[in-house]
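Residue numbers (my numbering): -4 to 353.
We put the beta carbon where it would ideally sit given N, CA and C, even for glycine.
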Amino acid sequence: MTAGTVTLASIERELEDIERDAVVRAAEAADAAALEAVRVGVLGKKGSLTKVLRGLAGLDGGERPQAGQVANRVKKAVDEALAVRREAIGTARLAARLGGPQVDVTLPASGQPTGHVHPLSVVMDELCGIFLSLGFSIAEGPEVEDDFHNFEALNIPADHPARDMQDTFFIEGGRLLRTHTSPVQVRTMKGTEPPLMIVAPGAVYRHDDDVTHSPMFHQIEGLMVGRGVTFRNLKAVLTEFLARIFGPDLAVKFRPSYFPFTEPSAEVDIGCVMCRGTGSGDAGADAGRCKVCKGTGWLEILGCGMVHPKVFADVGYDPEVYTGFAFGIGVERIAMLKLRIDDIRLFYGHDMRFLAQF
Ligand SMILES: [Zn+2]
-4 MTAGTVTLAS
6 IERELEDIER
16 DAVVRAAEAA
26 DAAALEAVRV
36 GVLGKKGSLT
46 KVLRGLAGLD
56 GGERPQAGQV
66 ANRVKKAVDE
76 ALAVRREAIG
86 TARLAARLGG
96 PQVDVTLPAS
106 GQPTGHVHPL
116 SVVMDELCGI
126 FLSLGFSIAE
136 GPEVEDDFHN
146 FEALNIPADH
156 PARDMQDTFF
166 IEGGRLLRTH
176 TSPVQVRTMK
186 GTEPPLMIVA
196 PGAVYRHDDD
206 VTHSPMFHQI
216 EGLMVGRGVT
226 FRNLKAVLTE
236 FLARIFGPDL
246 AVKFRPSYFP
256 FTEPSAEVDI
266 GCVMCRGTGS
276 GDAGADAGRC
286 KVCKGTGWLE
296 ILGCGMVHPK
306 VFADVGYDPE
316 VYTGFAFGIG
326 VERIAMLKLR
336 IDDIRLFYGH
346 DMRFLAQF
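Right, dumping it as structure tokens:
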């Protein structure tokens, strides 16, 4: 045997040296980086063990398996030593962190403020929740509408003066932004046989902008159709709804009104929630009158009525068989009264001091 010749015995010796050295150096590694250096030095592409493994090719065919076994055992031993030390380093680092500078957990946090539901959504959910509990289900429709669903099918033909009451945003191609949620009634009736009870919440658009009007606002449309549905059902549902929103002792008044798509129609007033129906304000304020109801003691709260037979005819319901009622509720109006807010624009601003209160 000449010096430098690869023999089984020399390879085994070399492997054992590598193992001994690696185990010692792994145990001594001070941190994760030092441990990684040990790993690369032994098992890396140019590592000592890798080199030996390559040298196995020079062995006699019969000796190769035995050398391979030793090499595998050494590799396993080195892996184990590395793993043991890795865990020890991790534990030590955690202990150091826990034992480090103490954190005063009673100090106020400086983290991100938590998000919350927008006040309009809170009120919208509450209103819809009441109708769901009364047996209504939710219906939806598009915000971009056509003339037929927004006007024509609701008994508002092209030359009808009611069109002027709803300053409409028109879009190219004869389409428009819906001015009320009533088109959802039409769409629902066209696709459903009576009886039905739906509420349709959603955004509507009108060319209007002041402290009590916004170009975009929200309505909840309600519709109940069946055999023998009468104005008494309408009164019962809306009285129950208003009592649940504003309290059981609420005064409610149904006042004759006009809408093209209902007949008879009514506007519903409630006793003013600010002055409790007395009409008087704080001494000195607005000459002693309540500013919210302007001293009348009443607030207009919603519009409603029995569905016009012409609307039924347009959707294919027989007005001789079916009757029904519909109502439209302004969500902002109710939210402003409930939350005592006097400027509708606050809902659409981004003032967190306002929004975070609710
Ligand atoms: Zn009042």
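For E58, there is no enclosing alpha helix (DSSP H), as DSSP gives it neither H nor E. DSSP places F212 inside the beta strand (DSSP E), whose first and last residues are M211 to G221. For the set I215, V19, R158 and P190, the Cα lying nearest the Cα of S116 is the one of I215.
The straight-line gap separating the alpha-carbon atoms of L122 and A238 is approximately 12 Å. In this structure, A21 lies away from A66, with their beta-carbon atoms at least 8 Å apart. The closest heavy atom of ligand 1 lies 7 Å or more from the beta carbon of M331.
The straight-line gap separating the alpha-carbon atoms of G168 and V139 is approximately 11 Å.
The beta strand (DSSP E) runs lying completely inside the region 173 to 202 and spanning 3 residues or more are 191 to 200, given in chain order. In this structure, DSSP gives R284 an extended state, which the three-state scheme calls strand. One residue list follows from the rule of a beta carbon closer than 5 Å to any heavy atom of ligand 1, given in chain order as C267, M269, C270, C285, V287 and C288. In this structure, K230 is the residue among T2, A91, R81 and K230 with its C-alpha nearest to the C-alpha of P251. The beta carbon of E58 is closer than 7 Å to those of L3 in its chain, skipping five residues each way along the sequence.
In its chain, beyond the 5 residues on either side, M192, I193 and V194 have a beta carbon closer than 8 Å to the beta carbon of S132.
When the alpha-carbon of A24 is set against those of D12, I6, E82 and E7, the nearest one is in E82. If you check the CB distance, P255 and N150 come in under 8 Å. Contact between L51 and G39 does not hold, since their C-beta atoms are separated by about 18 Å, which reaches or exceeds 8 Å. Annotation for S43: no beta strand (DSSP E) segment contains it, though the alpha helix (DSSP H) segment containing it runs S43 to G50. Distance from the Cα of G130 is smallest, within the candidate group L93, F143 and L218, for L218. Counting only the Cα atoms, K333 lies some 15 Å from D264.
Per the coordinates, the alpha-carbon of D203 lies some 7 Å from the alpha-carbon of D162. Excluding sequence positions up to five before and after G319, its CB lies within less than 6 Å of the CB of M219, V220, V224 and V302, all in the same chain and listed in chain order.
By the neighbour-count criterion, in which 16 or more other beta carbons inside 10 Å mark a residue as buried, A148 falls on the buried side. R20: member of the alpha helix (DSSP H) spanning L3 to E23, first to last residue. Of the residues I125, P108, T176 and A134, the one whose Cα lies closest to the Cα of D141 is T176. In the structure shown, the three-state DSSP call for L297 is strand.
In the DSSP assignment, K248 forms a beta bridge with D264. Annotation: L44 to R68 spans about 11 Å, alpha carbon to alpha carbon. Counting of Cβ neighbours within 10 angstroms places V33 among the buried residues, the total reaching 16 or more. Nearest neighbour of F342 by Cα position, chosen from D154, P114, F146 and A321, turns out to be P114.
The alpha carbon of A87 has as its nearest neighbour, out of D26, G300, K286 and S209, the alpha carbon of D26. Taking each of I324, D313 and E315 in turn and checking the Cα distance to G298, the smallest one comes out for I324.
Leaving aside the five residues that flank K248 on each side, the residues in its chain whose CB is nearer than 6 Å to its CB run, in chain order, D264. DSSP places G242 in the coil class of the three-state scheme, outside both helix and strand.
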